[in-house]
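Residue numbers (full-length UniProt numbering): 1 to 631. Beta carbons: idealized from backbone N, C-alpha and C, even for Gly. Because the structure is a prediction, the values reported are computed rather than measured. So the structure is just underneath, and the comments pick up after that.
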Amino acid sequence: MGIYSLINHFSLERGCFSPPENSFQRTKAFIRSRVKMVQNQSSQVTMNLMNPRTGPKKHQPKPQERDQWANKMEFILAAAGHIVGLGNVWRFPYLCYKNGGGAFFIPYILFLITCGIPLFFLETSLGQYTSHGGITCWKKICPLFEGLGYGCQVVALYTGVYYIIILAWAFLYLFSSFKSELPWASCDNSWNTAGCLDHSHNQTSSFGNGTSSVVEFWERRILGLSSGIDNIGNIRWDLAGCLLLAWTLCYFCVWNGVKSTGKVVYLTATFPYVMLVVLLVRGLMLPGAREGIIFYLYPDLSRLTDPEVWIDAGSQIFYSYGVCTGVLTSLGSYNKYSNNCYKDCVYLCLLNSLTSFVAGFAIFSVLGFMANEQGVDISMVAESGPGLAFIAYPRAVAMMPLPQLWAVAFFVMIIFLGLDSEFVYQESLVTTISDMYPSIFRNNCRRKLLLLAINVANFLVGLLMVTEGGLYIFQLFDHYAASGMTLLFFAIIESVCIGWVYGADRQYDHIKDMIGYQPWPFMKYCWQYFTSAICTLTLLFTVVKYTPLKFNNTYEYPWWGYAIGGCLALSSTLMVPLWMLYAVSVTPGTLTQRLKVLCTPAKDLPTAALKEASNREAFQTFTALCTLRNP
C-alpha cells in the first residue's frame with residue numbers, strides 16, 4: 001500500500017481527518033509536500049544504508065569512511081590481477097597436454113559453468129551487497145557460518161606467505177638475465193659440477209651421470225638445495241634480499257588501500273598481457289612450434305574415463321579462479337551498491353579461461369622449438385609449475401637469438417603475474433581485519449601499521465623458504481595449505497549456506513535490488529544443487545585417489561613433515577565446525593532457538609533495513625497529519 005493510498009484509507013474510512021471542500025486543494029498540496037519530504041528522507045536513508053561510509057553518530061570517535069573503487073575499471077583490473085596469475089601460464093597448459101589435450105576442455109568447461117562462475121559470482125555479489133570483507137560478510141548473512149570466513153582467511157594468509165617466494169626466485173633470475181651470457185646456459189660457473197652438460201645436449205634434467213646446466217643453476221645457484229627437509233641449511237641471502245624487495249613492492253602497492261591498489265593494477269594487470277602477446281608471437285615464429293601446439297591440443301578422448309582427469313579439471317578451476325579464499329568478497333565490498341557485478345563476473349571468468357588457453361600456445365610453441373632443437377619428444381621437455389618457469393623455459397630461451405631479451409621479457413611477465421595476485425591477498429587480509437574492528441583500523445595510519453605488521457611477519461616466516469631446504473617447506477605449503485580438498489570443502493559449505501540456509505531466492509532478490517534485474521536462474525540452481533553435488537563427488541574422488549606428497553616424485557618426507565602438512569590443512573578446515581560449536585554454545589536459549597538466531601541475517605542489511613526505515617517514515621508522516629488536523 002503506497003503512502004497516498006495509506007493516508008486516503010485511514011482518513012476516509014477511519015476518520016482521522018476530513019478536510020472541508022473549500023480547503024481541499026490546500027490540504028492536498030500540504031500532503032504532497034510532506035510526502036516529498038518523506039521521499040527525500042528515505043533517499044537519504046537509502047544512501048546511508050547502501051554506503052558503509054555513513055552511519056549513526058556515536059560518542060566514540062567516528063571510524064574513517066570506507067573507501068570505494070574510483071571506477072568500475074579499477075575493480076575489473078584488480079579482480080583480473082588476482083585470478084590471472086602463474087597458474088594460467090605454468091599449470092593449465094601442462095594439465096591440458098597431460099589429460100588428453102583438447103579432450104581436457106570437456107571436464108574443464110563443465111567445472112567452469114557449474115562451479116567456477118557461480119562461486120565467483122556468489123562471493124563477489126556477497127561482498128558488494130554487504131560492503132564487508134571475508135569474515136564479517138558471513139557474520140551478516142548467517143552467523144552460524146562465520147567460521148567459513150575465518151577458514152578462508154587462513155588459506156589467504158598461508159597462500160600469501162609461500163606465493164611470494166616465487167617472486168623472489170623470479171627477481172634473482174631477472175637480475176641474472178642482464179649478464180652478457182646467461183649464467184644457466186653454460187657450465188663455466190663456480191656452482192657447476194664436473195658432470196655439467198650445457199643446454200645443447202639432449203636431456204631434460206639428468207642423463208646418466210650428467211646434469212643440465214639449467215638444472216644446476218636452479219638447484220645449486222638459486223636454491224642451494226639440501227638433501228631434505230631435515231637439513232634446512234643456511235639462509236640464501238641473495239634470495240632473502242629479493243624476498244624483501246618483493247614484500248616492499250607489495251606493501252607500497254596496497255599501503256593506501258584501494259586508492260593505491262586501484263591505480264597500481266592499471267600496470268600490473270595489463271602489462272603481463274603485453275609480454276604474453278610478445279612471447280606468443282615469438283614462439284609461433286620458431287621452428288618446431290607447430291608440433292608443440294599439436295601436442296598441446298591433440299584430443300585423446302580415452303583419457304576422459306580416468307577420474308584423475310576430472311579431479312585435475314576441478315582443481316584447476318578452484319586454483320585459477322581464486323574462490324574460497326575471501327579475496328573476491330573483499331574486492332567486491334569496495335564496489336558501489338548498484339554496480340552490475342553479474343556482467344563483471346561473467347566477463348572476468350571468460351577472460352581468465354581465455355588467458356589460460358592462449359598461454360598454452362605461448363608455452364608449447366617454445367617447448368616444441370626446444371624439443372626440435374634437441375631432437376627429443378616434447379613429452380621429455382614438458383613440465384609444470386616451477387619446473388616450467390625456472391628450468392624448461394630458461395633452457396628454451398638460451399637456444400634463441402638474443403636470449404637476454406626474451407629472458408627479461410619472460411621473467412618480467414612472471415613477476416607482474418605474481419605481484420598483483422600477491423598484494424591482493426594482503427589487501428584482503430587488511431580489509432577483513434579492518435571490517436572486524438573499524439573503530440581501530442579504519443584510521444589510515446593504523447591501517448598502514450597493520451599492513452606493515454602482516455608483511456613483516458610473513459617475511460620472517462618466508463625466510464624459512466629461502467634456506468637451502470626451503471623448497472621442501474614451500475612444497476608442503478603449496479600442497480596442503482591451499483590444497484584442492486580444502487577449497488572443495490569450503491565450496492560445499494558456501495553452497496549449502498547460500499542455497500539452503502540463507503536462501504538462494506533471497507540472494508537473488510538482493511542481486512536484483514543491486515543491478516536492477518535477476519541474473520540467469522541457472523546460477524541459483526548451481527548454488528542449490530549442482531555446485532555442492534559436483535564438489536562433493538570430486539572431493540570423494542580426491543580422498544580415494546590421495547597419495548602422499550613426494551618431492552620430485554622421489555623424495556619422501558619424514559612423518560613429521562606430513563604431520564606439518566596435515567596441520568596446515570586442518571587449521572583452516574576445522575574453523576568451520578569449531579566456530580559452529582562455539583556459536584551454539586554461547587548463544588542463549590534452546591537448541592532450536594539458538595539455531596534460529598544463528599541462521600537469521602543481520603537486521604542492518606541494506607534491503608531489509610531500507611524497507612523497515614521507509615515504513616517507519618511513512619507511519620510517522622501519517623501520524624503527523626492526523627495530529628495536525630485533530631489536535
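Rounded separation between residue i and residue j - CA only
{"i": "Leu449", "j": "Pro143", "result": "29 Å"}
{"i": "residue 638", "j": "Cys250", "result": "The shown model of the chain, from 1 to 631, leaves out residue 638, and the question about it has no answer."}
{"i": "Gly228", "j": "Gly462", "result": "18 Å"}
{"i": "Ala168", "j": "Ser585", "result": "45 Å"}
{"i": "Thr432", "j": "Pro601", "result": "19 Å"}
{"i": "Leu197", "j": "Pro394", "result": "15 Å"}
{"i": "Thr261", "j": "Cys253", "result": "6 Å"}
{"i": "Glu74", "j": "Leu244", "result": "27 Å"}
{"i": "Pro272", "j": "Phe416", "result": "6 Å"}
{"i": "Phe474", "j": "Tyr162", "result": "6 Å"}
{"i": "Leu451", "j": "Asn99", "result": "41 Å"}
{"i": "Thr355", "j": "Leu86", "result": "11 Å"}
{"i": "Glu146", "j": "Thr136", "result": "7 Å"}
{"i": "Pro438", "j": "Val258", "result": "16 Å"}
{"i": "Leu549", "j": "Tyr529", "result": "32 Å"}
{"i": "Leu591", "j": "Cys497", "result": "19 Å"}
{"i": "Asp188", "j": "Ala240", "result": "25 Å"}
{"i": "Lys336", "j": "Trp69", "result": "8 Å"}
{"i": "Gly565", "j": "Arg442", "result": "35 Å"}
{"i": "Asp420", "j": "Tyr582", "result": "36 Å"}
{"i": "Gln60", "j": "Lys603", "result": "Annotation note: pLDDT 46 at Gln60 (below 50); position unreliable, coordinate value reported separately. For Gln60 and Lys603, the distance between alpha carbons rounds to 22 Å."}
{"i": "Phe411", "j": "Cys324", "result": "29 Å"}
{"i": "Gly283", "j": "Gln374", "result": "16 Å"}
{"i": "Asn552", "j": "Asp513", "result": "52 Å"}
{"i": "Leu297", "j": "Asn444", "result": "50 Å"}
{"i": "Ser338", "j": "Tyr502", "result": "22 Å"}
{"i": "Glu219", "j": "Trp237", "result": "15 Å"}
{"i": "Ser532", "j": "Trp184", "result": "47 Å"}
Classification of residue i by the beta-carbon crowding that lies within 10 angstroms, buried from 16 upward
{"i": "Lys524", "result": "buried"}
{"i": "Met275", "result": "buried"}
{"i": "Ser180", "result": "exposed"}
{"i": "Lys140", "result": "buried"}
{"i": "Tyr480", "result": "buried"}
{"i": "Ser320", "result": "buried"}
{"i": "Asp230", "result": "exposed"}
{"i": "Gln499", "result": "Per the sequence presented here, residue 499 reads as Gly, with Gln not at that position. Buried: at least 16 other Cβ atoms inside 10 Å."}
{"i": "Thr538", "result": "buried"}
{"i": "Gln153", "result": "buried"}
{"i": "Gly102", "result": "exposed"}
{"i": "Ser177", "result": "buried"}
{"i": "Gln593", "result": "exposed"}
{"i": "Trp559", "result": "exposed"}
{"i": "Tyr425", "result": "buried"}
{"i": "Cys535", "result": "buried"}
{"i": "Thr305", "result": "exposed"}
{"i": "Asn71", "result": "exposed"}
{"i": "Leu279", "result": "buried"}
{"i": "Asp505", "result": "exposed"}
{"i": "Leu568", "result": "buried"}
Residue range of the alpha helix (DSSP H) that includes residue i
{"i": "Asn372", "result": "Cys341 to Gln374"}
{"i": "Thr547", "result": "It is not in any alpha helix (DSSP H) - Thr547 carries neither H nor E in the DSSP assignment."}
{"i": "Gly283", "result": "Phe271 to Leu284"}
{"i": "Asn88", "result": "Leu86 to Trp90"}
{"i": "Phe175", "result": "Glu146 to Ser176"}
{"i": "Trp138", "result": "Thr136 to Ile141"}
{"i": "Thr124", "result": "Ile117 to Thr130"}
{"i": "Gln68", "result": "Careful: Gln68 lies outside any alpha helix (DSSP H) and carries neither H nor E."}
{"i": "Tyr108", "result": "Phe105 to Phe111"}
{"i": "Phe318", "result": "Pro307 to Tyr321"}
{"i": "Gly262", "result": "Val258 to Thr268"}
{"i": "Val597", "result": "Leu591 to Leu598"}
{"i": "Gly332", "result": "Val327 to Gly332"}
{"i": "Arg290", "result": "Ala289 to Leu297"}
{"i": "Pro394", "result": "Tyr393 to Ala398"}
Residues bridged to residue i [DSSP beta-bridge criterion]
{"i": "Cys196", "result": "Thr211"}
{"i": "Thr467", "result": "Ile235"}
Distance cut-off 7 Å: residue i Cβ against heavy atoms of the ligand GTP
{"i": "Leu591", "result": "Questions concerning the ligand GTP fall outside what the structure shown contains, since it holds no ligand whatsoever."}
- Curious, which full-length alpha helix (DSSP H) runs of at least 4 residues does the region 210 to 255 contain? As far as the region 210 to 255 is concerned, its whole alpha helix (DSSP H) runs of at least 4 residues are 213 to 216 and 237 to 254.
- Kindly provide the ranges of any alpha helix (DSSP H) runs that are 4 or more residues long and lie completely inside the region 425 to 450, ordered along the chain. 438 to 441, all fully within the region 425 to 450.
- Item | Completely contained alpha helix (DSSP H) runs for the region 493 to 581, where each covers 4 or more residues | If we require 4 residues or more, the alpha helix (DSSP H) runs fully inside the region 493 to 581 come out as 504 to 515, 522 to 525, 531 to 544 and 559 to 573.
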